[in-house]
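Everything in the sequence shown is counted per my numbering, starting at 2 for the first residue and increasing by one. The beta carbon of each residue, even a glycine, is placed where N, CA and C say it ideally should be. Each remark here refers to the structure printed beneath this line.
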Amino acid sequence: MSAYKKDEESGVGTFFQDKTTVIQEARVFNETPISPRKCRILLTKIVYLLYAGETFGTQEATTLFFGVTKLFQHKDSALRQMVYLVIKELSGIAEDVIMVTSSIMKDMQPNLEVIYRPNAIRALCRIIDGSMIVGVERFFKAAIVDRNTSISSAALVSAYHLHPIARDVIKRWANEAAEAVQNKGASMAYGSHAGYQAMQSSSSIVQYHALGLLYLIRQGDRMAVTKMIQQLSGAKGSGGILRSPFAICMLIRFAAKVMEEDLNVQRAMYELIEGYLKHKSDMVNYEAARAICEMKNVGANELYRPIAVLQLFLSSPKAALKFAAIRTLAKLAQTHPNAVQTCNLDMEKLINDDNRSVATFAITTLLKTGNEASVDRLMKQISQFMGEISDEFKVIVVNAIRALCLKFPAKQSVMLNFLSGVLRDEGGYDFKRAVVEAIFDMIKFIGDSKEAGMSPLLICSDVLSHVFMPTALAQLCEFIEDCEFTKLSVRILHLLGVEGPKTPQPSKYIRYIYNRVVLENAIVRAAAVSSLAKFGVNVADAGVKKSIQVLLTRCLDDVDDEVRDRAAFNLKLLNDEPLADAFVRDASTFSLDALESRLASYVADQEGASTPFDFASVPKVSKEQVLDTARRAFSTFASRAPVDTDLARNAGTRADAINAVAIASDATGIAADAGSPAPSASEQQSAYAKQLAEVPELAEYGPVLKSSLKPVELTERETEYVVSCVKHVFAEHVVFQFNVRNTVDAVHLEQVSVIMSPSEEGELEEDFIIPVPSLGPNSSGIVYVSFTRANPVAFATGSFTNTLKFVSKEVDPESGEPEEEGYDDEYQIEELDLGAGDYIVPSYAAFATEWDRLRSGATAQETFALTALDSLKTACDSLLDILGMEALGGTEAPTSASVHTLNMSGLVCGGAGKVLARARMTYQTGKGVVLELTVRAEQESAAQLVISAIA
Numbered sequence: 002m003s004a005y006k007k008d009e010e011s012g013v014g015t016f017f018q019d020k021t022t023v024i025q026e027a028r029v030f031n032e033t034p035i036s037p038r039k040c041r042i043l044l045t046k047i048v049y050l051l052y053a054g055e056t057f058g059t060q061e062a063t064t065l066f067f068g069v070t071k072l073f074q075h076k077d078s079a080l081r082q083m084v085y086l087v088i089k090e091l092s093g094i095a096e097d098v099i100m101v102t103s104s105i106m107k108d109m110q111p112n113l114e115v116i117y118r119p120n121a122i123r124a125l126c127r128i129i130d131g132s133m134i135v136g137v138e139r140f141f142k143a144a145i146v147d148r149n150t151s152i153s154s155a156a157l158v159s160a161y162h163l164h165p166i167a168r169d170v171i172k173r174w175a176n177e178a179a180e181a182v183q184n185k186g187a188s189m190a191y192g193s194h195a196g197y198q199a200m201q202s203s204s205s206i207v208q209y210h211a212l213g214l215l216y217l218i219r220q221g222d223r224m225a226v227t228k229m230i231q232q233l234s235g236a237k238g239s240g241g242i243l244r245s246p247f248a249i250c251m252l253i254r255f256a257a258k259v260m261e262e263d264l265n266v267q268r269a270m271y272e273l274i275e276g277y278l279k280h281k282s283d284m285v286n287y288e289a290a291r292a293i294c295e296m297k298n299v300g301a302n303e304l305y306r307p308i309a310v311l312q313l314f315l316s317s318p319k320a321a322l323k324f325a326a327i328r329t330l331a332k333l334a335q336t337h338p339n340a341v342q343t344c345n346l347d348m349e350k351l352i353n354d355d356n357r358s359v360a361t362f363a364i365t366t367l368l369k370t371g372n373e374a375s376v377d378r379l380m381k382q383i384s385q386f387m388g389e390i391s392d393e394f395k396v397i398v399v400n401a402i403r404a405l406c407l408k409f410p411a412k413q414s415v416m417l418n419f420l421s422g423v424l425r426d427e428g429g430y431d432f433k434r435a436v437v438e439a440i441f442d443m444i445k446f447i448g449d450s451k452e453a454g455m456s457p458l459l460i461c462s463d464v465l466s467h468v469f470m471p472t473a474l475a476q477l478c479e480f481i482e483d484c485e486f487t488k489l490s491v492r493i494l495h496l497l498g499v500e501g502p503k504t505p506q507p508s509k510y511i512r513y514i515y516n517r518v519v520l521e522n523a524i525v526r527a528a529a530v531s532s533l534a535k536f537g538v539n540v541a542d543a544g545v546k547k548s549i550q551v552l553l554t555r556c557l558d559d560v561d562d563e564v565r566d567r568a569a570f571n572l573k574l575l576n577d578e579p580l581a582d583a584f585v586r587d588a589s590t591f592s593l594d595a596l597e598s599r600l601a602s603y604v605a606d607q608e609g610a611s612t613p614f615d616f617a618s619v620p621k622v623s624k625e626q627v628l629d630t631a632r633r634a635f636s637t638f639a640s641r642a643p644v645d646t647d648l649a650r651n652a653g654t655r656a657d658a659i660n661a662v663a664i665a666s667d668a669t670g671i672a673a674d675a676g677s678p679a680p681s682a683s684e685q686q687s688a689y690a691k692q693l694a695e696v697p698e699l700a701e702y703g704p705v706l707k708s709s710l711k712p713v714e715l716t717e718r719e720t721e722y723v724v725s726c727v728k729h730v731f732a733e734h735v736v737f738q739f740n741v742r743n744t745v746d747a748v749h750l751e752q753v754s755v756i757m758s759p760s761e762e763g764e765l766e767e768d769f770i771i772p773v774p775s776l777g778p779n780s781s782g783i784v785y786v787s788f789t790r791a792n793p794v795a796f797a798t799g800s801f802t803n804t805l806k807f808v809s810k811e812v813d814p815e816s817g818e819p820e821e822e823g824y825d826d827e828y829q830i831e832e833l834d835l836g837a838g839d840y841i842v843p844s845y846a847a848f849a850t851e852w853d854r855l856r857s858g859a860t861a862q863e864t865f866a867l868t869a870l871d872s873l874k875t876a877c878d879s880l881l882d883i884l885g886m887e888a889l890g891g892t893e894a895p896t897s898a899s900v901h902t903l904n905m906s907g908l909v910c911g912g913a914g915k916v917l918a919r920a921r922m923t924y925q926t927g928k929g930v931v932l933e934l935t936v937r938a939e940q941e942s943a944a945q946l947v948i949s950a951i952a
């Protein structure tokens with residue numbers, strides 16, 4: 002008993018030994034007689050080392066492998082099972098493993114003990130290659146339909162592993178897999194009660210594995226998959242062959258996938274899934290409810306029954322059911338909060354659940370579905386809850402509150418008090434960053450949160466005026482007094498420099514910023530110097546400017562050269578208004594991708610010519626957009642390892658290090674499930690420019706002036722041939738890029754081209770078509786169609802009818818090669834429009850300044866009645882889509898439902914210069930939107946282009 006207790010306390014760690022020691026102990030395999038106990042212990046050590054991450058060399062693995070194979074001569078069943086396990090693990094490393102095939106095949110014979118056959122089948126699939134599968138095919142077919150469930154399951158799982166290397170052979174096993182599904186379903190359905198209890202678990206696994214193999218074989222044939230689902234499910238899920246809950250859950254997932262891909266069977270698949278909501282298994286009920294909740298474009302009527310099922314699970318005594326239900330409701334609440342509101346009472350009971358994961362999801366879901374009246378009660382409950390959960394869950398809660406702030410701006414004071422409270426609590430960087438980001442959003446989107454009214458006592462008291470500041474900016478000021486994270490301090494100081502000068506009393510923030518110059522490290526001190534300079538430049542009060550000069554002068558004696566350099570540079574800015582306008586007040590900068598592309602083309606085309614570079618043709622972006630792009634570029638590095646501030650500060654230039662830290666501070670905030678971020682507009686334009694530069698026929702066209710950001714879909718995504726188009730505008734040409742995808746498995750296309758017929762002749766003349774020579778099944782290609790603009794000064798617009806032409810060839814199912822003979826075929830695709838927006842590049846600008854500057858330029862104004870539009874938001878989206886311009890100052894999001902003004906800016910291709918548009922609009926129910934569009938441009942042609950786009 003004492004020895005057993007000692008082994009139990011030591012745990013699996015007793016099997017961990019040095020690799021060299023284990024290899025030396027392998028001599029035990031050669032002993033006579035063989036000791037099963039010693040061999041099992043050594044085999045366990047080998048497997049443990051492999052799972053612990055230890056790597057064996059090829060020679061070492063080969064020696065061990067063939068040493069293990071000597072144990073086949075022993076009849077101990079437990080030892081034999083360990084032998085097969087080690088063979089499977091070493092087969093991918095050792096050499097000449099194929100030599101053990103005959104020994105394994107002996108254990109696959111039907112007349113041997115059942116315990117050997119499943120292990121032999123699993124090991125054999127790891128040993129043989131594709132050329133040997135035909136020779137053992139009859140063994141696997143017989144094993145799949147074997148009455149013993151462990152043998153059948155082993156053969157089915159082995160078929161999974163063999164499918165990638167012998168797809169055609171595995172396809173021939175479809176009848177056996179279907180028989181396994183049906184036989185196990187019958188034995189479970191019609192067997193005796195005792196037999197049912199004994200075989201339920203193992204038979205369930207066989208049905209599950211057999212169904213998975215059937216889908217793997219038929220997944221390329223959508224009709225076959227649909228037929229299989231309908232046959233196995235029965236009418237509306239009420240009958241059918243499947244009795245295994247695992248298999249039914251898999252069938253529901255297959256049905257959901259088919260429903261998403263094929264609109265023709267969407268209703269039938271929905272009814273099938275809905276029928277399983279009444280199944281006797283909780284597992285199946287939940288899977289069906291989850292599948293419906295995750296459907297695209299699901300409506301409130303379809304959600305009623307699945308939400309009712311999930312609501313019942315919320316009161317279940319099983320923690321797994323509660324967690325699954327609340328997690329699904331939390332995800333659904335992001336898109337359908339009103340539908341989830343019926344579960345609010347049940348979710349409130351889970352706030353104090355012993356399982357903190359369940360409680361966290363309950364709180365975040367309530368924050369998404371609750372109304373404004375329940376905010377105070379929820380915030381009080383959350384305050385008591387926050388101290389009991391880990392930082393990971395705290396981040397989830399804070400992100401939910403961050404969304405709630407924007408949903409109920411009137412409750413910003415309550416939520417700001419909560420955020421300021423948790424900001425003082427202990428926590429790691431991710432938690433603190435989430436709170437700071439939530440406060441940043443409040444400052445950006447809720448104007449009242451920046452500055453709140455002060456009490457009369459404090460207004461009269463100069464001494465206390467800087468102490469009591471119940472605002473978002475004040476909370477950030479207090480936080481950086483004790484902030485231990487350099488990244489957050491830098492970001493907050495930057496925000497204070499931007500927002501502080503705009504407040505009624507900007508001087509009260511200066512003390513907090515200068516404290517950082519006195520108390521913090523060099524990176525924070527440099528950021529504080531830049532923040533102070535923004536107060537000196539942007540605050541009109543001469544006293545504030547003088548105070549900033551004094552503080553910056555003191556910074557000239559700093560021990561860090563970056564701080565001294567920034568102080569000297571900013572002192573120069575304070576006394577030079579044009580310099581201050583360019584470096585501080587101007588919120589725009591050149592798009593670096595566009596600037597690089599234009600400069601490269603300029604250098605390549607000039608060849609010593611003296612024509613100056615035209616900076617006016619380079620689009621601009623806001624500095625905030627540049628920062629967002631930098632954050633995305635830095636996010637991959639920041640997610641792998643935190644920025645070492647000391648190392649960064651001493652590497653290269655100090656300015657680069659400080660900027661890197663500032664950029665990286667928000668990079669780790671990207672959600673793990675968000676995937677790769679979408680490229681920005683400038684990045685997309687640059688990618689298109691590089692792609693077009695690689696086409697020899699387009700090399701002489703010069704730089705591309707504008708590429709449409711979103712490909713125009715010319716077919717449905719579910720059709721045989723999926724086609725989309727990207728439009729590229731050059732100085733004298735227009736090139737249409739057709740992205741073509743062949744989704745038909747049995748058809749090979751050759752000489753794929755697109756025939757375009759313009760509605761108006763004369764404005765565009767077709768140059769050539771660059772077809773796709775060959776397009777195999779499930780592959781993509783690009784067709785280019787080039788037109789010359791007959792009048793480069795004018796802007797050719799109109800629509801095109803398009804036809805996809807190709808030579809169609811059948812694919813031989815055995816060899817996978819296309820047949821020699823084919824036939825000409827064509828496929829009609831949708832019309833394509835070339836509009837004004839295709840000639841306008843979105844460009845950021847300070848609207849008020851540029852609008853006044855263009856007062857003396859070309860001006861055009863028209864009034865339109867847009868009766869088909871149902872809201873001002875729809876009108877804004879439509880204008881931006883048609884004109885291809887950039888919305889300025891957040892005017893793309895109307896704050897009123899009746900009156901709004903949209904400001905836009907852009908650059909017109911071909912040297913027509915900058916164009917600004919102001920759209921004043923009103924909305925009346927039943928009458929639509931009345932739009933007054935005023936355009937100012939550097940040239941008359943640009944102004945008329947914008948007006949004609951709406952007319």
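Quick check on residue i: does DSSP put it in helix, strand or coil?
i	result
LYS707	strand
CYS726	strand
VAL299	coil
MET886	coil
HIS734	strand
ALA155	helix
ASP826	strand
ALA690	helix
Can you say whether residue i is buried or exposed, counting buried as having 16 or more other CB atoms within 10 angstroms of its CB?
i	result
ASN803	buried
GLY1	The displayed coordinates of the chain run from 2 to 952. Any statement about residue 1 would go beyond what the structure contains.
GLN476	buried
VAL551	exposed
VAL741	buried
ARG173	exposed
VAL724	buried
LEU264	exposed
VAL518	buried
For the alpha helix (DSSP H) that contains residue i, what are its first and last residues?
i	result
GLN232	223-234
LYS46	37-52
THR370	357-370
PHE141	138-145
Going by the beta-carbon positions, is the gap between residue i and residue j smaller than 8 Å?
i	j	result
SER589	TYR845	yes
ALA913	VAL947	no
LEU407	ALA473	no
ALA95	THR63	yes
ALA326	LEU315	yes
PRO778	VAL745	yes
LEU233	VAL285	no
LEU805	ILE783	no
Using a Cβ-Cβ cut-off of 8 Å, state whether residue i counts as contacting chain D.
i	result
GLU766	The structure shown contains no chain D; it holds only a single protein chain.
Open item on the list: Ignoring anything shorter than 3 residues, give me the beta strand (DSSP E) runs that lie fully in the stretch 745-804, in order along the chain.
Closed with: Complete beta strand (DSSP E) runs here, min 3: 748-759, 765-771, 773-776 and 780-790.
Task: Any alpha helix (DSSP H) of 4 or more consecutive residues that is wholly inside the stretch 847-931 - done: 848-854 and 873-884
Open item on the list: Ignoring anything shorter than 3 residues, give me the beta strand (DSSP E) runs that lie fully in the stretch 393-426, in order along the chain.
Closed with: none
TODO: Could you name each continuous alpha helix (DSSP H) segment of 4 residues or more that falls completely within the stretch 64-135, going from the start of the chain to the end?
DONE: Fully enclosed alpha helix (DSSP H) runs of 4 or longer: 78-91, 102-107 and 117-128.
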